[in-house]
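FYI, numbering that gives the first Met the number 0 numbers position 122 of the sequence shown as 121, with every residue one higher than the one before it.
Think of the CB as a built atom: it goes at the ideal place given N, C-alpha and C, for glycine as much as any other residue.
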Amino acid sequence: MARIMPTTGDRPHPGFGRGVRRAPEARRGPTVPGMEMIDCAAGVARQIAPGFTGAGVVGGADVHLGVLRVEAGAEIPRHPAGPDQALLVVGGRGEVSGGDGAWRPIETGQAAIWRSGKQHTTRAIEDLTLVVLELPDLTVHPRAVRLP
């Protein structure tokens, strides 16, 4: 399987650089025309802060997709969103905070959206597995159920 790693760059997010590249030691599995498998396992991620790891999955000029893991009790350091950012919880339970500093609960199946430049942070009540999508002008689906 190919292992994808974040590059270094000038984006404010502490976990990812501008775009992604294959790690030099990446291994590929059997080739299937039109499909590539990516290893997003915890062992591929790099430590960003204590209890917080991240791995880039795919990216382009204006979009980045990554997998983050936050251990119970750990926190993603407060930082500004580069482009707009959607954070989807695919496992676990935690809390998110935006510019107002108030904490809001978040759990599996829920997402938080932060606009470009807005300060935010996330902390884990239980181990969290997150998918982060960054792109300019992110639009929330019109049928999405908004939470208070």
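{"Asked": "Neighbour-count burial assignment, ALA44, 16 or more Cβ in a 10 Å radius", "Found": "buried"}
{"Asked": "Test item: CB-CB of ARG92 and GLU106 under 8 Å", "Found": "yes"}
{"Asked": "Residue closest to MET36, alpha-carbon to alpha-carbon, out of GLY53, ILE47, VAL57, ALA48", "Found": "VAL57"}
{"Asked": "Beta bridge counterpart(s) of PRO79 as assigned by DSSP", "Found": "GLN118"}
{"Asked": "VAL43 - DSSP class collapsed to helix/strand/coil", "Found": "helix"}
{"Asked": "Beta-carbon contacts of LEU64 that lie in its chain and below 6 Å, excluding the five residues immediately before and after", "Found": "VAL56, VAL57, LEU132"}
{"Asked": "Outcome for ARG21 when other beta-carbon atoms lying within 10 angstroms are tallied against a minimum of 16", "Found": "Residue placement at ARG21 is flagged as unreliable, the pLDDT there being 41, under the threshold of 50; the coordinate-derived value follows with that caveat. Exposed."}
{"Asked": "Closest residue to LEU87 among HIS78, ALA71, TRP113 (Cα-Cα distance)", "Found": "TRP113"}
{"Asked": "Three-state secondary structure (DSSP) of ASP38", "Found": "strand"}
{"Asked": "Which residues DSSP lists as bridging GLN148, in chain order", "Found": "What the structure shows of the chain is the stretch from 0 to 147, and residue 148 is not part of that stretch, so it cannot be assessed."}
{"Asked": "Status (buried if at least 16 other CB within 10 Å, exposed otherwise) for GLN84", "Found": "buried"}
{"Asked": "Rounded straight-line distance, which links the Cα of GLU94 to that of PRO104", "Found": "4 Å"}
{"Asked": "Pairwise C-alpha distance: GLY81 and PRO49", "Found": "22 Å"}
{"Asked": "Where GLY59 falls: helix, strand or coil (DSSP)", "Found": "coil"}
{"Asked": "Identity of the residues DSSP links to LEU134 by a beta bridge", "Found": "ASP83"}
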